[in-house]
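Residue numbers (full-length UniProt numbering), protein chains in the order written: chain A, 1 to 503; chain B, 1 to 218. Each residue gets a CB set at the ideal place from its N, CA and C atoms; glycine is no exception. Bear in mind the structure is a predicted one, so any value in this text is a computation, not a measurement. Report on the structure given below.
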Amino acid sequence: MDSDLSPQDKKDLDKFIKFFALKTVQVIVQARLGEKINTCSSSSPTGSDWFNLAIKDIPEVTHEAKKALAGQLPGIGRSMCVEISLKTSEGDSMELETWCLEMNEKCDKDIKVSYTVYNRLSLLLKSLLAITRVTPAYKLSRKQGHDYVILYRIYFGDVQLTGLGEGFQTVRVGIVGTPIGTITLSCAYRTNLALMSSRQFERTGPIMGIIIDHYVERPFTNMAHMHPCSYRAPGEDEGGTYAGIEDSQEVCTTSFSTSPPSQLYSSRLSYQTPALGTVDLCHPTACTAAAHPHQMVVPGKEGGVPQVPAQPTHGTAAEHGRIPSCPTGQSPQLAPPTSCSSEVKTVSPSDALETTFTRKVGAFVNKATTQVTTTSLDLPFAAFAPRAYDLQENDPMVHPPPSPAPSSPLQGSLHSNTSSHSGGQPQDDFVMVDFKPAFSKDDLLPMDLGTFYKEFQNPPQLASLSIDVSVQSMAEDLDSLPEKLAIYEKNIDEFDAFVDTLQ
Amino acid sequence: MNCRSEVLEVSVEGRQVDEAMLALLHTILLHRSTGKFHYKKEGTYSIGTVGTQDVDCDFIDFTLVRVSSDELDRVIRKAVAEFKDALGNSGSDGMGQISLEFYQKKKSRWPFSDECIPWEVWSIKVNVVNLANEQERQICREKVGEKLGEKVINIVEVINRHEYLPKMPTQSEVYNVFDTSLKDVQPYLYKITYQITDSLGTSVSTTMRRLIKDTLAL
């Protein structure tokens, strides 16, 4: 089979397939970022846009894709899959769709690699752009933010569709025949959104006086390879990350030749090393990432995830059930994205993790230091100050574990969001270590509101409601009824006059 | 060579006509546009880059993807607006069809004009419905969005059959295959026409040919 293919053709074909796979992943993930994608047309070929399409390269995504491919190419029996799933703030997750790039054995020996295959791959990418906006996950991804986030996972090998539930639908994006096999691109998407319907993002009421321990065990062990569909523009920190991957900077300058009727071609592939970061041809308005490195991900329409001005990523993340992430907030350390369940939707500034953890103990309290100092009792909200210093020593919020990647979900969940507080009323995601109701300081009583509440949380049942007493009293009531009725009838005029005064 | 013909049908509310037509026409043109050709010596050419743009519809739960070319968008919008006006001015039932035809020009000898040979025609049949209340409109928003999604899948399916496409032309022939008037992208030569149907299903007025892009006929 390969012997019919010239070495140059084989080399070109491998290159086309490799970059097609990378661009496919980019298109899919970018379509699930939750925002509209705009790229510019350019009449002059720049030599760096594969398949003559302006598709940005998000470095993280390219890195993940290359890691999944591990030097191999999609081929017969070796499919590349991009799995898109949804994760709610309560920790529920659900696979939404799986995009599969596969190859079967049907070969088209006569097809011209550098011309026809290339153009058909370009067409297939355009189809992918259109289809990614049509599947149900697109609308969900546009609304992600406060209640749920969209994650992606890239894997190589056998296609796994079991997580899509029953009755999943498949849509074929397209096929391209090549001399070594036929490339097919398809999407299997879930139709049964049962998880969504039962939860419907309803907000449970605030639970007071209970220490909520959402996560008995790490819920994200199976999410080790999930990544948020979020993006941070390559900054100076991140540029070095991918320097080692040199072929990511290959550039395609393909010339075509017309020599009708036979379409002889001459293709020249030149390799350049562009500047660090994405080769971005567009002006900033088209690429919000580049323009706003701190806020790549546009929050969803429901108010979205609030910005994190100086709060750590962990705090914000955990509020919505996300584990503190590493890559988005920690590029200098560069924990590989797969090692942490990075599901942070909002991307705080890269220096956010250098800031200290803050502890929210009540409404409007925002201390930027790690130490929660004991305030004087004369100051307002003095009740929020911890009673003893030993609380601080053991408090994981004040002394966070050093490595954020494997930080426990419980600790993460103890941090609160910056903006989801209203006076005195803990939000559903607000987890309290110690019950301190707002405004509860009371000089008169020896106990405060919290203690009072705990003590009288389970009052004894009323005597009149107990069974023995009620039975007895009921019998007595029945017996006395005729007498009472006789009295009322005698005084009926008085009652009527009373009623008249009311009207 | 036979002309490939595809028919798509949609039922929309009056205010959805524009966006539904734009969605389908732009989807087709996305696949039938390339970057600008730059011919060099020795018969080689290079191709510019095509950007894409997501556009949210206001009256339909749908996001369309179109080529990043304001010029092309203006042309299509103008054609759709004319179609919608004609639809509005026609009888009350509001049925019509807008056609996007891709063609090649074949030079003929004088005094005959160049021949336009269509190689692919997309016909979009529109049925305009009237809705009584806001609830129905909301349902219609979602339903039409889903319907457009199905149509996009149909379009993609047809295009990915990789049936006949004109051969890539030499520099002298490029004007017979591609529309080179736009400065940022290069669609295949196309024209948009429409016809309005009356309630009996026949053509009320003669088919109005609007040559959006073409050289002059005699």
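Own chain, CB closer than 8 Å to residue i, minus 5 neighbours either side, in chain order
i                            : result
glutamate 142 of chain B     : Asp61
asparagine 28 of chain A     : The identity of residue 28 of chain A in the sequence shown is isoleucine, whereas the question assumes asparagine. So the list reads Val82, Ile84, Trp99, Leu128, Thr132 and Tyr152, once near-sequence residues are dropped.
phenylalanine 178 of chain B : Thr34, Phe37, Pro169, Gln186, Pro187, Tyr188 and Leu189
glycine 43 of chain B        : Thr170
serine 79 of chain A         : Cys100, Leu101, Glu102, Met103, Phe156, Gly157, Asp158 and Val159
phenylalanine 16 of chain A  : Val113, Val117, Tyr118 and Leu121
alanine 86 of chain B        : Gly96, Tyr194, Ile196 and Met208
glutamate 476 of chain A     : none
Outcome for residue i when other beta-carbon atoms lying within 10 angstroms are tallied against a minimum of 16
i                           : result
arginine 268 of chain A     : Reliability fails at arginine 268 of chain A, whose pLDDT of 37 lies under 50, so the model's placement of it is uncertain and no value is given.
lysine 147 of chain B       : buried
valine 7 of chain B         : exposed
glutamate 489 of chain A    : exposed
leucine 101 of chain A      : buried
phenylalanine 59 of chain A : The sequence as given places proline at residue 59 of chain A; phenylalanine does not occur at that position. Its Cβ being crowded by 16 or more others within 10 Å, proline 59 of chain A is buried.
valine 499 of chain A       : exposed
glutamate 97 of chain A     : buried
glycine 145 of chain B      : buried
arginine 109 of chain B     : exposed
glutamate 115 of chain B    : exposed
leucine 25 of chain B       : buried
serine 48 of chain A        : buried
CA-to-CA distance, residue j to residue i, given in whole angstroms
i                         : j                            : result
glycine 75 of chain A     : histidine 63 of chain A      : 20 Å
leucine 465 of chain A    : glutamine 503 of chain A     : 35 Å
proline 179 of chain A    : valine 113 of chain A        : 8 Å
methionine 397 of chain A : valine 152 of chain B        : Residue placement at methionine 397 of chain A is flagged as unreliable, the pLDDT there being 48, under the threshold of 50; a coordinate-derived value is accordingly withheld.
leucine 5 of chain A      : leucine 69 of chain A        : 24 Å
tyrosine 138 of chain A   : glutamate 134 of chain B     : 25 Å
lysine 106 of chain B     : serine 113 of chain B        : 9 Å
glycine 34 of chain A     : phenylalanine 452 of chain A : 47 Å
aspartate 58 of chain B   : leucine 193 of chain A       : 25 Å
alanine 463 of chain A    : lysine 484 of chain A        : 24 Å
leucine 73 of chain A     : lysine 10 of chain A         : 13 Å
CA nearest to the CA of residue i, picked from the options
i                        : options                                   : result
lysine 36 of chain A     : A/Ser122, A/Ala188 and A/Ala130           : A/Ala130
proline 45 of chain A    : A/Leu53, A/Thr39 and A/Asn38              : A/Leu53
glutamate 173 of chain B : B/Ile117, B/Gln104, B/Asp70 and B/Arg66   : B/Gln104
cysteine 140 of chain B  : B/Arg15, B/Thr180 and B/Cys116            : B/Arg15
glutamate 166 of chain A : A/Thr182, A/Val25 and A/Met94             : A/Met94
tryptophan 30 of chain B : B/Ile117, B/Leu100 and B/Asn130           : The question names tryptophan, yet the displayed sequence has leucine at residue 30 of chain B. Checked all of B/Ile117, B/Leu100 and B/Asn130; the closest Cα to leucine 30 of chain B is B/Leu100.
glutamate 9 of chain B   : B/Ile155, B/Lys125 and B/Gly149           : B/Lys125
threonine 52 of chain B  : A/Ser41, A/Pro7 and A/Asp57               : A/Ser41
glutamate 150 of chain B : B/Asn2, B/Leu64 and B/His162              : B/Leu64
threonine 135 of chain A : A/Pro482, A/Thr162, A/Gln169 and A/Phe452 : A/Gln169
cysteine 229 of chain A  : A/Ile154, A/Asn38 and A/Pro459            : A/Ile154
leucine 165 of chain B   : B/Lys78, B/Pro118, B/Tyr175 and B/Gly145  : B/Pro118
glycine 145 of chain A   : A/Arg32, A/Ser48 and A/Gln457             : A/Arg32
glycine 71 of chain A    : A/Lys18, A/Pro460 and A/Asp479            : A/Lys18
Own chain partners of residue i with C-beta closer than 7 Å, once the 5 adjacent residues on each side are dropped
i                           : result
residue 512 of chain A      : Since the first and last residues shown for chain A are 1 and 503, residue 512 of chain A lies out of range.
valine 173 of chain A       : Leu124, Ser127, Leu128, Ile131, Leu185, Ser186 and Cys187
phenylalanine 83 of chain B : Met21, Gly96, Ile98 and Tyr194
leucine 131 of chain B      : Glu13, Arg137 and Cys140
serine 122 of chain A       : Phe51, Asn52 and Leu53
aspartate 56 of chain B     : Thr63
serine 68 of chain B        : Gly51, Thr52 and Gln53
valine 17 of chain B        : Lys84, Leu87, Val126 and Val128
isoleucine 28 of chain B    : Leu100, Trp122 and Ile155
lysine 87 of chain A        : Ser93, Tyr148, Val149, Leu151 and Glu343
alanine 486 of chain A      : none
Spatial neighbours of residue i in its chain, beta-carbon cut-off 6 Å, leaving aside the 5 residues before and after
i                        : result
threonine 182 of chain A : Asn104, Lys106 and Ile175
serine 46 of chain B     : His38
serine 11 of chain B     : Asn127 and Val129
residue 226 of chain B   : Past the edges of chain B, shown from 1 to 218, lies residue 226 of chain B, and the structure says nothing about it.
residue 509 of chain A   : Since the first residue shown for chain A is 1 and the last is 503, residue 509 of chain A is missing from the structure and cannot be characterised.
residue 232 of chain B   : Residue 232 of chain B lies beyond the range of chain B shown here (1 to 218); nothing can be said about it.
serine 90 of chain B     : Ile196
* Listed from N- to C-terminal order along the chain, which residues in the region 38-62 of chain A have their beta-carbon within a distance smaller than 7 Å of any beta-carbon of chain B? -> Asn38, Thr39, Cys40, Ser41, Ser42, Ser43, Ser44, Pro45, Thr46, Asp49, Asn52, Leu53 and Ala54
* **Residues from the region 51-68 of chain B in contact with chain A, defined by Cβ distance under 9 Å** => Gly51, Thr52, Gln53, Asp54, Val55, Asp56, Asp61, Phe62, Thr63, Leu64, Val65, Val67 and Ser68
* Taking any Cβ of chain A, which residues in the region 126-153 of chain B have a Cβ under 7 Å from it, in chain order? -> Gly149, Val152 and Ile153
* To do: Could you please tell me which residues of the region 11-39 of chain B, in chain order, have their CB closer than 7 Å to any CB of chain A?
  => Thr27, Leu30, His31, Thr34, Gly35, Lys36 and His38
* Residues of the region 157-182 of chain A with Cβ closer than 9 Å to any Cβ of chain B, in chain order -> Val171, Arg172, Val173, Gly174, Ile175, Val176 and Gly177
* What residues in the region 173-189 of chain B bring their beta carbon closer than 7 Å to a beta carbon of chain A? -> Lys183, Asp184 and Val185
* According to a CB-to-CB cut-off of less than 8 Å, which residues of the region 77-100 of chain B neighbour chain A? -> none
* Asked: Name the residues in the region 68-79 of chain A whose C-beta lies less than 7 Å from a C-beta of chain B; which are they?
  -> none
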